[in-house]
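If you count by the working numbering, then the sequence shown holds residues -1 to 362, one letter each, in order.
Report on the following structure.
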Amino acid sequence: MEKADITIIGAGVIGLAIAAEIAEPGLNIFILEKNPTHGSATSSRNSEVIHSGMYYPAGSLKASLCVAGRTMLYEIAAHNNIPHKKIGKLVVATKPDETEEIERLHANARKNDVRSVAIISTRKIAQMEPHITACAALHSPETGVISAHALMNYFLLQAKSKKAQFVYNTEVVRIEKETGGYRIFTENSKNEAFEFSSAVVINAAGLESDTIANMAGGDYQLHYCKGDYCSISGIKQGTVQRLIYPVPVKNHVGLGVHLTIDLAGRLKLGPDTAYISRGENYAVAPEKVHLFYQSARKFLPFLKEENVNPDMSGIRPKLQGPADSFRDFIIQEDRPGFINLVGIESPGLTSSPAVARYVKKMLT
Ligand SMILES: Cc1cc2nc3c(=O)[nH]c(=O)nc-3n(C[C@H](O)[C@H](O)[C@H](O)COP(=O)(O)OP(=O)(O)OC[C@H]3O[C@@H](n4cnc5c(N)ncnc54)[C@H](O)[C@@H]3O)c2cc1C
């Protein structure tokens, strides 16, 4: 491999979006990925929701990049045949003491310039979603769903068409600072070592982004927070038209077990939140069926426990530990020419094109 101008570590949606944004013919850009193909970690284990940006504290990167990324995603998807649907969402209160949270969320949405979000009357709720239980609700018409894989394939093709080079089955194991850049040490799936130099390094390694940052003198620690899903079967299609969320879990750990509808109209519950020790175990325990049923039947009264089945899971790379308050995305140049993206949990998929533009600005 010749000397790289820029090396991106990680070919998830973030690394791919950055590659698509910054690649240009004549620039030597390499994207290193430890897995055999792109997008096979967290980017393919999520709800595929295009978030509106109502939840995050005003002024945070999560708020601004989600709002900007959402607009960009709808444009990209519309112009490039990427399957998506702006189906909208309701955040529902099922007890009077939750209505305050609906009002707080509404005020926060306005602070984040998410103007389309509105509190709707119980009559309107009954018209929009006659089969759910809610005593108050916030309607977010700008929320949607997208095929994460189609989006990632689009970014991949964009990057490749501008001569970015993808190197799979290649894990970064060590990084050293050298004059004019960094020496990157890798190992492939046959345990063969290879090293090269790169003027600039962009760390988009998801669940390992703290490890990579720390190889270059950083001091980060991610907490792994698992989110399980259960699929729903035996419910007539069209019973629910929109994504239905409960009021969010306190302290921004997660959004609460909610109902999503994928592009094929399939219903899914989740994700929940469970801090786990480091490691990628994606099994979903059978007892989740009962727990999810108990949470969801508060707002989905038609649900029976036999409709709920264990499904997939994902792991959030969280900077926020179990006892901590909100933590924002970290996107910063910690050492000259070394940009770290750490803690890119939700709304990372929604934010991806805006994150890429943000990184490009840092480079120029
Ligand atoms: C349960 C769950 C639900 C979510 N729902 C949503 C949602 O609905 N909407 C939304 O906007 N966001 C959502 N998110 C967040 C979103 O999925 C992530 O923010 C996004 O996928 C992160 O992308 P990434 O590229 O940073 O990470 P990843 O997809 O994890 O990619 C990182 C890549 O780096 C590679 N890598 C790691 N270490 C090395 C190494 N040493 N050398 C080489 N390669 C390496 C990995 O193999 C991986 O492919 C959700 C996340 C979870 C967990």
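For every residue, glycine included, the Cβ atom is placed at its ideal position computed from N, Cα and C.
Check                                                                                                                                  : Outcome
Any non-hydrogen atom of ligand 1 closer than 7 Å to residue 51 Cβ                                                                     : no
Residue span of the beta strand (DSSP E) that contains residue 135, given as start and end                                             : 134 to 138
Secondary structure of residue 41, DSSP reduced to three states                                                                        : helix
Integer-rounded CB distance, given that residue 1 should sit under 8 Å from residue 365                                                : Any question about residue 365 goes unanswered here, given that the chain covers just -1 to 362.
Among 140, 121 and 349, nearest to residue 114 - alpha-carbon criterion                                                                : 140
Beta-bridge partners of residue 293, as assigned by DSSP                                                                               : Per DSSP, none; premise fails for residue 293.
Beta-carbon proximity check, residue 81 vs residue 42, cutoff 8 Å                                                                      : no
Sequence-distant residues of its chain with Cβ nearer than 7 Å to residue 215 (five each side left out)                                : 333
Beta-carbon proximity check, residue 169 vs residue 190, cutoff 8 Å                                                                    : no
Same chain, Cβ closer than 7 Å to residue 218, neighbours up to 5 away in sequence not counted                                         : 208, 211, 212 and 340
Ligand 1 heavy atom lying under 7 Å from the CB of residue 196                                                                         : no
Cβ contact (3+ pairs, closer than 8 Å) linking the stretch 17 to 28 and the stretch 337 to 357                                         : yes
Sequence-distant residues of the same chain with beta carbon closer than 7 Å to residue 338, five excluded per side                    : 201, 207, 211, 216, 328, 330 and 332
DSSP state of residue 94 mapped onto helix, strand, coil                                                                               : helix
Any non-hydrogen atom of ligand 1 within 7 Å of residue 188 CB                                                                         : no
Residue 67 in three-state terms, based on DSSP                                                                                         : helix
Alpha carbon of residue 299 to alpha carbon of residue 85, nearest angstrom                                                            : 21 Å
Start-to-end residues for the beta strand (DSSP E) that takes in residue 3                                                             : 2 to 7
Nearest-angstrom Cβ-Cβ length linking residue 160 and residue 244, presumed shorter than 8 Å                                           : Incorrect: roughly 43 Å between the Cβ atoms, too far for contact.
Heavy atom of ligand 1 within 7 Å of residue 314 beta-carbon                                                                           : yes
Rounded straight-line distance, which links the Cα of residue 251 to that of residue 273                                               : 10 Å
Entirely enclosed alpha helix (DSSP H) segments - the stretch 6 to 37, minimum 4 residues                                              : 11 to 20
Sheet register partners of residue 194 (DSSP bridge)                                                                                   : 182
Run of the alpha helix (DSSP H) containing residue 210, from where it starts to where it stops                                         : 207 to 213
N- and C-terminal bounds of the beta strand (DSSP E) containing residue 147                                                            : It is not in any beta strand (DSSP E) - residue 147 instead sits in the alpha helix (DSSP H) that spans 146 to 159.
CA nearest to the CA of residue 71, picked from 55, 36 and 153                                                                         : 153
Chain-order list of residues whose beta-carbon lies under 7 Å from that of residue 257 (same chain, five-residue window excluded)      : 238, 241, 242, 265, 267, 294 and 298
Inside the stretch 233 to 278 only - beta strand (DSSP E) runs reaching at least 3 residues                                            : 241 to 244, 256 to 259, 265 to 268 and 272 to 274
Residue 69 beta carbon near ligand 1 (any heavy atom closer than 7 Å)                                                                  : no
Assigned secondary structure, residue 86 (DSSP; H/G/I helix, E/B strand, else coil)                                                    : coil
Euclidean distance between Cα positions of residue 88 and residue 175                                                                  : 49 Å
Contacts around residue 112, its chain only, beta-carbon distance under 8 Å, and the 5 residues preceding and following it disregarded : 50, 51, 52, 65, 138 and 140
Segment limits, beta strand (DSSP E) that includes residue 165                                                                         : 163 to 165
Sub-8 Å separation of residue 4 and residue 25 beta-carbons                                                                            : yes
Range of the contiguous beta strand (DSSP E) that encloses residue 116                                                                 : 116 to 118
8 Å Cβ cutoff met for residue 173 and residue 199                                                                                      : yes
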